[in-house]
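Protein chains in written order, with the working numbering: chain W, 78 to 760; chain B, 78 to 760.
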C-alpha cells in the first residue's frame, strides 16, 4: 500500500518540493474547485486596497471544477473586530468568472478572500430536473437526494432539522416534485455541510480609512503671514483668529508648513537668495536650530500650549490641523551634533549637504538611510509622528517622501496606523508615476498628483480615466491642488480670473479630495519668478500680510465649491465619473469639457461644464446618457453656482460659457417633480 | 536605546505582523531599491512559464529607489544543474521599467528572479560629470571616488586589484578625467561590492521541455485498422509496416488510441449503437475487461513484446509513439471489483456510470476523485504512466483531463516530470478557456484548441492573436488538429478537396505543433453522422481497411507541409507571427488570409496565403512590411509547394488562388542574391 499522501495546497508548487519515494506531504486531495485570479489584488496580494466606511469591495475570481457538477463561491471577509470570517455569496457571471461584494463599515484593516466548493445539492437538483424532463425513472436519484437531505438535517438545529427530515421522508416516498422546492434549496444551502472546500491561496487586505481620507478639502497657509498687523510675525493665536475664514470657505483640513525652529546656518533669503539678510525669517523647511528640532515649535509662532489651543479651536470649527513633516535638517539642527552617524560624512569631515549636481543646497542635510544606525534613525523619525499625534494631530502632509527610504515608510506608517488607524498621510511626491504609486501602496493615504500640469481637455480626460478606471483607483488617493507654495503654473501668469475659477472648480469636482494654497489663490496672485514655475516674493522666504477683502477676490467661489461638495454625495467619491461628448459644428469642441459624477443609484447627479478658454465665449452641444440616468422627457439642470434652472429634454443640450462672467456650470440634474412614468415603465 | 529592529523583507506585510513595543522582527533596512511587477509571472508566480531549449525568456520589472541615485538590475536564473544563480544584466527602458533576458539550454526546471542594487560608482561618476561640466571644485569628490575604488580593489583578485589601486592613486592625485575611464567603470562593475541589494520576493519558474514540446507533427491512426488484409484485426506488427508511410509524410509522433483490453459489458456497436452485435470490437476508450486494464494490451493487437518492437521501429523512423491515457473503466475492468471504493456507489448498490443527464453512458465508470481512498487511486493512476514510461513511451495524449481532479494532475505530472523532464502531455480538453488554461498551467505541455471551429478570417486572426500575443503564450502550448476521431466539422461535409488542403495548411503553419487523424484525412473522408459533427461508420466502433493509394488522396500535400516545416525554422516557433492586410477593390478581402512567420533575425521568412473560399478563385493585394524585413527593391517569393518563384517589389503584391487547383501559397521570402546595399545602409 502506498504511504499516506496529501494533495497540493492551493498555492503550493508541487513539482519542485522535496519528496521521498515519490510521496509528498500535501493537503486534502479531494478539493475539486480551482480558485484563481481574484480581483482586486495588488501585486499578487503584496499590498492592500483602500476604502472608507460604507464603500463596497467588488470581488471577482475565476472558479471552476472538473466535470459538469455545479459549484458555489463566496467572498469571505473580516473586519478589524471580527473574530470569524463573514461571507457574501458570489454569482457566476460568464466564462467561469464569479462576482460578489461586501461593504466595509469599520476603520482599520480588513481581510478578504474567496472560498468555493462543490454544490452537491445544486448538482443533484439540476440533474433531477433534466431526468424528470426526459421522463426517466428517478427512484434511485430520489434516494441519493434523500441521503443528502439527511446529511443536512443532521447538521441543522431543531426546527429546520425537522423540516429537512420531512423533506427527506417525502423524497424517500418518491415525491420528485418536492426536490425542486425553494424552501428545500434554501435550507440545503444553509445546512448541507460543505466538503473539500477550496480557499483562495491568499488572504487579501483592505485598509479602511476614515471618511476624510476620501473626501477632504485642504487649505494651506503660512501661520507667520497670519498676523492682522503688517510687519508682525504671525502666531498660532493669529491662525485661531483666521479659523472662521477658513471654515467659512468650507474646508476640512487646515495644513500648516513646518512649524519648527528654522536653521540659521546657510539660511536662505528673500526669493531663495543664497544668503539671508539679517532679520530675514528663512524657509520653514530648513528645520532645526539651537531652539530645537522636529519636536519643537518655532518660538515666534507660540508655545506648545498655543498649538494645543489651535488644534482645539480648529476642531470647534470643523477643521483638522495637518502638519508638514519634512525629514531633513538645517546644519544647526540638534540631531547633527547628537547623531552625526545619521548623516553622510565627507572625506574632509564635513557633512554631506543636499545636492542635485551641480546645484547645492547647503542649508539642508538629508538623513542617510544607509546609516549604520538606521535602526536608531527609524525609531527617532517615527517618534516625531508619535509626538505630534500626542498633541492631537491626525493628518500629516509629508514633504518629498520619495527621497526617503521606501522600506522606512512601510514600517513607519504600518506601525503608526496599527495603533492609530485614523491617521491620514498625504505624500508630497511630485515624481515619476511608479514611485508615486509605490508610496500609495506602502501606506500613504493620499498623494499630490499631476493635475497641476494637466490643463487641456484631452490631458484632463486621460488623466482622470487613469486615476478612476485603472487598477490604481484601488490604492492611490488623488488630492488635486491648483497651486502650492512651490508651484505656480504658467496658465496663471496672465492673471485671468477665469483661470483661477476653472482650475479650482476642476480640482474640487474631478476628485473627492482637493486643496488650495491660500490666501494667495483666492487673491489671484499670479506673478512668477522669471523663468521658474514659482511665486515671486514667495512666503517660503518672507512674511506677508494679506488683505482678505481685496476687491475681486474669489473666496465666495471657493466657499461655494466646498458647499456644493458637501451637499452632493456624488462629489464625495471617485466612483461614478463619466466624461460627455461636447460637439460644435459637428466636431469635438476642445475648449469645453463636460463630465458628470453620480451616486450608484443615480439619486444625485452632478454635471460639470467648464470653458477652458479664458479669453473667449465657448459653447457646444453636450450629449448626456439620459437612459442610463433613468430620464425621459424634460428634466431640470439646476446650476448650483448661480441658482439658475434650465429645463432640458433630449440627449443633446447646448451650453455656452463666458469666461468674463462665469466659466463654470455645476449643474444638478433634477428629475421632474411629477412622477410621470419613465418610458421604460411602459415596456 | 531602541531594541534591534530589522526592516521589512520585500514581500512581508509589515503592518499586520505581531510586534512588541512597536518593534518588529524585520530584515535589512538599508535596501533602498524596490523591485515590482516582474514579467512573465503567471498568477503571482504560482505557475511556471514554458520554454524549449534555445528559447529566450525576456524578463521585465519595475525598479526604483528613493532619491536620484543610479541603480542597477540583473536577471538571476538557474537551470536544473546549476548550483548557483547566473546573472544577465537588465537595461532601463523608460518609466522605471527594466528589461533583460536569458536563454534556456537544458531540459528541466529553471528558476528566475530579479536582483537590484544602488549603483554606487555609477552615481558618483554621473555626479562628477555634472560637477566637472559646471567647473566646480571636485577635490572632495575625487577622494570619495578613490574610497569606492579602494573598496573594489580590496575585493578584486591580483591583476585587476592592482589596476584598481592605480586608478585610486590617480584619483587621489586629483585626476578627475580618469574617473570617466571605461576600464575603471568596467572593473568597478565587476568588483565593487554590492551593498543592500534587493531580491524580488519570488523565484519564478520555467518548465523547459524538449524541442518536440514546441515543434511537433502528430499522426493518429487506429492500429486495429492497420491490417493490409481487409477483415483482419490490425496489430502492432501491421503498424510497424505502416511506419514508413507515416514517417514519409514527415510526422514526428504516431499517436495511438487506447491499446488496452476493451470492455464487454454494455459494449457499444457500430455508430455508437447502444448494444454491440456479436463480433463488434467496441470502443478502445471503454477500457478494461477480464484480459486486464490500463497496464495491459488488447490481445488482438499483440503482445508487450510486439509493443516494444513498435516503439523501437518507430524510433528508427524518427517517430515517437504517443499513447492515449483515458482514466475511465468499462464495467468489467479489474479495478471495479478490486477497488470498488474508487467508484461512486448508488443507493441500490450499483456503481454510478458516466452520465450527462439525460444522457447515460453505461459502458463507462468514471473514477470518483472524492473517494475515501483517493490516495490509493492517485498512486495507481500515476503508476499507469510509470508502467508505459518503462516501456519506452514519453509522449501521452490524455483523454478528457478536465473531467478529472485538477489537483491530481498537478501532483501526477509534477511527480512524473521531476523524474522524467522529457515527458510530453497533450490535453484533450475541448472545454472552456479557463479550464484549458488551468490544465496547461498545472502541467500539460500541449493542448487541443478551438482551431477546429475557427474557420473564417476574423476568427482565425483573433484566435491566433490571443494564442501568440497574450499572457497564455507563456504557458499554453496549442496543437492544431483539423480533425479527430470525435470531430468532423461541417466545412468538410461537401467533400471539397480545397477544404482538406487549406485546413491542413493552416494547422501546419499557424502554430508549431499540429496533428491529423488519418488516414481518413488524406483520403478525404467527409460523411458525418446526420446531425452530428462526427464521422459516420467511425473507427471508434468498427475496424476499417483503408487503401492509402486511393486516387485523389492528398498525402503528397501533407508530406510537403511537414517537409516545409522541417526546412524552415520560422515555422518551428509560435513567435514571429504577423497577419497582413489583403485588399480587393479598396476593401478587405475576407476570403484570403495572409500571414507570415519569421525568425527573430529575419533570416527565414515564410509568407502563407490561403484562399478560404472552396468554390471560387479569389485574389487580393497583400501589404508586406518590407522595411521591417530589411527589404528594398525586388525580392523573390518562392512557393515551396509548387516551386514557382515570383519576383516582387514594393509594399503591395497581387496574389490569386484557385481552389480547384491549389488554394495555398507557402512562400519563402528570399533576398536577392546580389548583396546590394539596402536603402538603410546609405543613411
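We put the beta carbon where it would ideally sit given N, CA and C, even for glycine. Here the structure is a predicted model, which means the values were calculated and not measured.
Considering Cα atoms alone, identify which of the options is closest to residue i.
i: residue 301/B; options: 358/B, 470/B, 571/B and 714/B; result: 358/B
i: residue 626/B; options: 599/B, 154/B, 725/B and 235/B; result: 599/B
i: residue 559/B; options: 570/B, 215/B, 583/B and 329/B; result: 583/B
i: residue 283/W; options: 668/W, 180/W, 577/W and 504/W; result: 180/W
i: residue 732/B; options: 747/B, 694/B and 712/B; result: 694/B
i: residue 678/B; options: 606/B, 700/B, 690/B and 708/B; result: 708/B
i: residue 267/B; options: 228/B, 251/B and 364/B; result: 228/B
i: residue 772/W; options: 198/W, 477/W and 595/W; result: Missing from the structure shown is residue 772/W; chain W here goes from 78 to 760 and no further.
i: residue 457/B; options: 427/B, 412/B, 471/B and 477/B; result: 412/B
Do you know offhand how far residue i's Cα is from residue j's?
i: residue 564/B; j: residue 296/B; result: 15 Å
i: residue 533/B; j: residue 543/B; result: 16 Å
i: residue 414/W; j: residue 155/B; result: 49 Å
i: residue 742/B; j: residue 637/B; result: 12 Å
i: residue 245/W; j: residue 507/B; result: 38 Å
i: residue 727/W; j: residue 540/W; result: 29 Å
i: residue 225/W; j: residue 666/B; result: 59 Å
i: residue 275/W; j: residue 553/W; result: 31 Å
i: residue 453/B; j: residue 640/B; result: 46 Å
i: residue 281/B; j: residue 566/W; result: 45 Å
i: residue 722/B; j: residue 716/B; result: 6 Å
i: residue 128/W; j: residue 174/B; result: 29 Å
i: residue 205/B; j: residue 434/W; result: 8 Å
i: residue 618/W; j: residue 349/W; result: 7 Å
i: residue 749/W; j: residue 740/W; result: 27 Å
i: residue 219/W; j: residue 251/W; result: 7 Å
i: residue 112/W; j: residue 140/W; result: 5 Å
i: residue 570/B; j: residue 548/B; result: 36 Å
i: residue 272/B; j: residue 208/B; result: 25 Å
In chain order, what residues of the same chain have a beta carbon less than 6 Å from the beta carbon of residue i, not counting five sequence neighbours either side?
i: residue 135/B; result: 178
i: residue 279/W; result: 122
i: residue 601/W; result: 577
i: residue 328/W; result: 294 and 296
Residue i by DSSP, collapsed to three states: which one?
i: residue 457/W; result: helix
i: residue 732/W; result: strand
i: residue 640/W; result: helix
i: residue 301/B; result: helix
i: residue 153/W; result: strand
i: residue 577/W; result: helix
i: residue 698/B; result: strand
i: residue 740/W; result: coil
i: residue 385/W; result: helix
i: residue 177/B; result: strand
i: residue 493/W; result: helix
i: residue 126/W; result: strand
So, for residue i: in the same chain, excluding its five sequence neighbours on each side, which residues have a beta-carbon less than 8 Å away from its beta-carbon?
i: residue 450/W; result: 416, 418 and 419
Residues bridged to residue i by DSSP?
i: residue 200/W; result: Its beta-bridge partners do not exist; DSSP assigns none.
i: residue 724/W; result: 713/W
i: residue 405/B; result: 443/B
Tell me which residues share the same chain as residue i and place their Cβ nearer than 7 Å to its Cβ, disregarding the 5 neighbours each side in the sequence.
i: residue 98/W; result: For residue 98/W, the pLDDT reaches just 37, beneath the cut-off of 50, and the residue's location in the model is therefore unreliable, although a value from the coordinates is still provided. Counting only Cβ-Cβ distances below 7 Å, and skipping sequence neighbours, we find nothing.
i: residue 746/B; result: 682, 684, 706, 712 and 714
i: residue 322/W; result: 625
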